[in-house]
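So the sequences go chain by chain: A and B.
For the first sequence, UniProt numbering assigns the number 1 to the initial residue and increments by one for each residue that follows.
For the second sequence, UniProt numbering assigns the number 1 to the initial residue and increments by one for each residue that follows.
Cβ coordinates follow ideal geometry from the N, Cα and C atoms, glycine included.
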Amino acid sequence: MHITADRERCVGAGQCVLAAPAVFDQDDDGLVAPLTLDPGSGEQEAVRQAVNVCPSAAIWIDKE
Amino acid sequence: MTEMLETDLPSFPMARECPMHPPAEYREIRKQEPVSRVRMPDGQIAWLVTGHELSRQLLADPRVSSDRLHPNFPLALTTEQRKAFQDNNRLNFRRSMIGLDAPQHGVHRKMLISEFSVRRIASMRPRIQEIVDQSIDDLLAAEQPADLVEHISLAVPSLVICELLGVPYEQRHGFHEWTRKLISRTTSGVERREAAEALNDFLDDLVTRKEQGEPTDDVIGRLIARNRETPVMTHEEIVGTAILLLIAGHETTANMISLGTVALLENPEQKAQIVADSSLLPSAIEEMLRYFTIVESATARVATADIELGGVTIRKDEGVIVSGLAADWDETVFEHPDQLDFTRGARHHVAFGYGVHQCLGQNLARLELEIVFETLFRRVPTLALAVPAADLPYKDDAGIYGIYRVPVHF
Ligand code: SF4
C-alpha cells in the first residue's frame, strides 16, 4: 500500500492520528506529517479508516 | 420528488421524539427524501439533508458557503431575531472562522491548528486531571442534591478553556450567561444584541491588554504574537476568534458531559463496561458523540452554485441545513442507531461536522470527556440522579442541545 498526504488540503483535525497513530503524525504547524508512505500490512485497516474519517480528503491510498 | 405546497412543508427545527432521541420525523424523511425541504421559523424555505453520506458529500463540497450574512442562510430564528443577528457584526460570527469561506477561512484556521494538535492536547492531560479532581471535590462538598452542571459539566471545560485562552476564570458567570442567551432560541433580538455586545466588550478588553502589554503565554497571546509576524487578522478578527473559541470551548463540552453522564446512569450495563475497562472509553466517547450530535446549526450552508445531491438540484443561493443528528442516526450506516453500543466503532460520525470547518477543538473535547467520565464514576460510584431522567430540563429551545441542570446525589 502506498499513500499520499496533501498538506495544502489538511485542516489539522488530527483524525488520521487518532485512527492510525503508527502511520500519521502532525508536525509543529498541526498539519499532517506521515511517518511512512508505505504502511505495512498490519496498518492497512487503520489507514483505510483514517482516509474515511479525514474531513478534507487530504490523505488517500494511491496504490493498494 | 413529490411537489408539496409550500405551506405543507414541515417546519424546522422539529421536536425531539424523547429527550435522548432525534425527532421521529427524521427517520421517515431520510428514507423517503434524504434531501427534502423545510420551512424555517422566519418563513424561509431551506433544504434539509438527513442522510449520512449525503451530509458528508455536501459539507466537503467547495460550492457551499458559511456566510451567515447571506439573506438565505438558514438560521433557526424568527425574522426579528434574524435581523438582529445579521445587522450586528459582533453577533454574526462574520469575524471568525466559522463564518468564513475559502481562502480566508484556511488562512485563519492555519493560525490556530498547531494549538489543537493531538500531541499538544495530550500534553494537557495532567492539568485537566487536576481540574477534574478539584471539581469532583467541590461536588462532594456541596449540599445534596447538588447540580452536576454547576460543579462538573460547566466548571471543567470553563476552567480548561479559560486557562488555555488566558481568560480570567473569575469572570465565568458573565460569559456563561451571555452564551446562554446567544444560544437560546427564545431570547429576543434585543437581548441577543446586549449579550453579544457584553461578550464582545469583555474579550475586546482582554485582547487589547494582551496586544499592548508583554505577549502572554496562552492561545490568544500566541495568536497575537503570530499575527504580528505574519499579519493576516485584524484586531476585530482576533476578538471574534477569541469569542468563538471561548463559546465553543465550554458550552459544547458542558452539554456532552451532562448528557453522557445521564445516559450512563440510565444504562448501568454500559456504565459498568467502562468502569471495568477504561480502555473502552475512547470508543465509548465516539459513540456518545454520535448518539447525541448536539450541534445542528453550525452545519448550515448556502449553495454558491447549482449542486446535484441525492437526486435533487440545490440551486445557487438556496439554504441547506445538514443535520448531523439525522446523519448520525442513519440506520444504513449505524445499525440500531438508538442503541448505545460502545463497541461499534462510530468514529465516522459527523458530530464535529465534516469538511474544512470540522471542529478544531475536537481532540480537546475528547480528552476532557475521557477524563471526566473515567474519574467521576471511579470516585463517585454512588452517583445517582435526584429526579427521573425524563423530568430534567433539556435544552429544547437551544441551538446546542444539552441539559440546564442535573440534580444528583451520591
Ligand atoms: S485527518 Fe485529514 S485534515 Fe485532519 S490532520 Fe489528518 S490529514 Fe489533516
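Chain A contact residues for B/Phe-116, given Cβ-Cβ distances below 9 Å: Numbered from 1 along the second sequence, position 116 holds the residue referred to as residue 116 of chain B. Simply Gly-12, Ala-13, Gly-14 and Gly-30.
Where B/Val-322 falls: helix, strand or coil (DSSP): To locate residue 322 of chain B, count along the second sequence from 1; it is residue 322. In this structure, B/Val-322 counts as strand in the three-state DSSP scheme.
Of the residues B/Thr-252, B/Pro-407 and B/Asp-397, the one placed nearest B/Pro-19, counting alpha carbons only: By one-based count along the second sequence, residue 19 of chain B stands at place 19. Ranking B/Thr-252, B/Pro-407 and B/Asp-397 by Cα distance to B/Pro-19 puts B/Asp-397 first.
Reduced DSSP category for B/Cys-18 - H, G, I as helix; E, B as strand; rest coil: Sequence index remark: in the second sequence, residue 18 of chain B carries index 18 (1-based). Looking at B/Cys-18 - three-state DSSP - the assignment turns out to be strand.
Contact test: A/Val-47 Cβ vs the ligand SF4 heavy atom, cutoff 7 Å: In the first sequence, residue 47 of chain A corresponds to position 47, counting from 1. Outside the cutoff, so no.
Beta carbon of B/Asp-330 nearer than 8 Å to that of B/Gly-51: For the purposes of this step, residue 330 of chain B is identified with residue 330 of the second sequence, where counting begins at 1. For the purposes of this step, residue 51 of chain B is identified with residue 51 of the second sequence, where counting begins at 1. Yes, the pair counts as a contact, with Cβ atoms nearer than the cut-off.
Contact belief for B/Leu-274 with B/Leu-265 at Cβ below 8 Å, rounded distance in angstroms: Here residue 274 of chain B refers to the residue found at position 274 when the second sequence is read from its first residue. Here residue 265 of chain B refers to the residue found at position 265 when the second sequence is read from its first residue. Per the sequence presented here, residue 274 of chain B reads as Ile, with Leu not at that position. Not a contact, Cβ separation roughly 12 Å.
CA-to-CA distance, B/His-21 to B/Asp-391, given in whole angstroms: Within the second sequence, the letter at position 391 stands for residue 391 of chain B. Within the second sequence, the letter at position 21 stands for residue 21 of chain B. About 15 Å.
Separation of A/Glu-64 from B/Val-132, as counted between CA atoms: Mapped onto the second sequence, residue 132 of chain B falls at position 132. Mapped onto the first sequence, residue 64 of chain A falls at position 64. Rounded to the nearest angstrom, the two C-alpha atoms are 45 Å apart.
As assigned by DSSP and simplified to three states, the class of B/Asp-138: For this step, residue 138 of chain B is matched to residue 138 along the second sequence. Of the three classes helix, strand and coil, the one that applies to B/Asp-138 here is helix, per DSSP.
Beta-carbon spacing of A/Ala-19, A/Val-53 below 8 Å: Position 19 of the first sequence, counted from the first residue, corresponds to residue 19 of chain A. Position 53 of the first sequence, counted from the first residue, corresponds to residue 53 of chain A. Contact flag set, yes.
Best match in B/Trp-47, B/Phe-93 and B/Arg-63 for proximity to B/Leu-69 [C-alpha to C-alpha]: Counting from 1 along the second sequence, the entry for residue 69 of chain B is found at position 69. B/Leu-69 has its Cα closest to that of B/Phe-93, out of B/Trp-47, B/Phe-93 and B/Arg-63.
Opening and closing residue of the beta strand (DSSP E) in which A/Asp-25 lies: Counted from its first residue, the first sequence places residue 25 of chain A at position 25. Its beta strand (DSSP E) spans residues 24-26.
Cβ pair B/Phe-299, B/His-349 closer than 8 Å: Position 299 of the second sequence, counted from the start, is the residue given in the question as residue 299 of chain B. Position 349 of the second sequence, counted from the start, is the residue given in the question as residue 349 of chain B. In the sequence as displayed, the identity of residue 299 of chain B is Thr instead of Phe. No, Cβ-Cβ distance for B/Thr-299 and B/His-349 is not below 8 Å.
8 Å contact criterion, which B/Val-207 and B/Ile-161 should meet: CB distance rounded: Taking the first residue of the second sequence as 1, we reach residue 207 of chain B at position 207. Taking the first residue of the second sequence as 1, we reach residue 161 of chain B at position 161. 15 Å between Cβ atoms; not a contact.
As assigned by DSSP and simplified to three states, the class of B/Met-1: For the purposes of this step, residue 1 of chain B is identified with residue 1 of the second sequence, where counting begins at 1. In this prediction, B/Met-1 scores a pLDDT of 44, lower than 50, which makes its location untrustworthy; the coordinate-derived value is nonetheless stated afterwards. The answer is coil: DSSP assigns B/Met-1 none of H, G, I, E or B.
Any non-hydrogen atom of the ligand SF4 within 7 Å of A/Ser-56 CB: Translated into the one-based positions of the first sequence, residue 56 of chain A becomes position 56. Because some heavy atom of the ligand SF4 lies under 7 Å away, the Cβ of A/Ser-56 counts as near it: yes.
Close-in-space but distant-in-sequence residues of the same chain around B/Leu-159 (CB under 6 Å, 5 per side omitted): On the second sequence, residue 159 of chain B is found 159 positions in, with the first residue counted as 1. If we look at B/Leu-159 and ignore the five residues flanking it on each side, its Cβ neighbours are Ile-131 and Tyr-169.
Three-pair Cβ contact test at 8 Å for the stretch 186-201 of chain B versus the stretch 82-98 of chain B: yes
Classification of B/Gly-174 by the beta-carbon crowding that lies within 10 angstroms, buried from 16 upward: Indexing the second sequence from 1 puts residue 174 of chain B at position 174. B/Gly-174 should be labelled exposed.
Separation of A/Cys-10 from B/Met-14, as counted between CA atoms: The residue labelled residue 14 of chain B in the question sits at position 14 within the second sequence. The residue labelled residue 10 of chain A in the question sits at position 10 within the first sequence. Distance between the alpha carbons of B/Met-14 and A/Cys-10 is about 35 Å.
B/Gln-171 versus B/Ile-247: straight-line alpha-carbon distance, rounded: Stepping through the second sequence from its first residue, residue 171 of chain B is reached at position 171. Stepping through the second sequence from its first residue, residue 247 of chain B is reached at position 247. Roughly 14 Å between the two C-alpha positions.
Residue interval of the alpha helix (DSSP H) (run including B/Ile-183): Position 183 of the second sequence, counted from the start, is the residue given in the question as residue 183 of chain B. Its alpha helix (DSSP H) spans residues 172-183.
Residue nearest to B/Glu-229 in terms of C-alpha spacing, selected from B/Gly-240, B/Pro-215 and B/Glu-236: Position 229 of the second sequence, counted from the first residue, corresponds to residue 229 of chain B. Looking at the Cα atoms, B/Pro-215 is the closest of the given residues.
Spatial distance of B/Ser-297 from B/Arg-30 (CA atoms): For the purposes of this step, residue 297 of chain B is identified with residue 297 of the second sequence, where counting begins at 1. For the purposes of this step, residue 30 of chain B is identified with residue 30 of the second sequence, where counting begins at 1. Approximately 18 Å, taken between the alpha carbons.
For B/Tyr-394, the residue or residues it bridges with in DSSP: The residue labelled residue 394 of chain B in the question sits at position 394 within the second sequence. Its beta-bridge partners are B/Ile-403.
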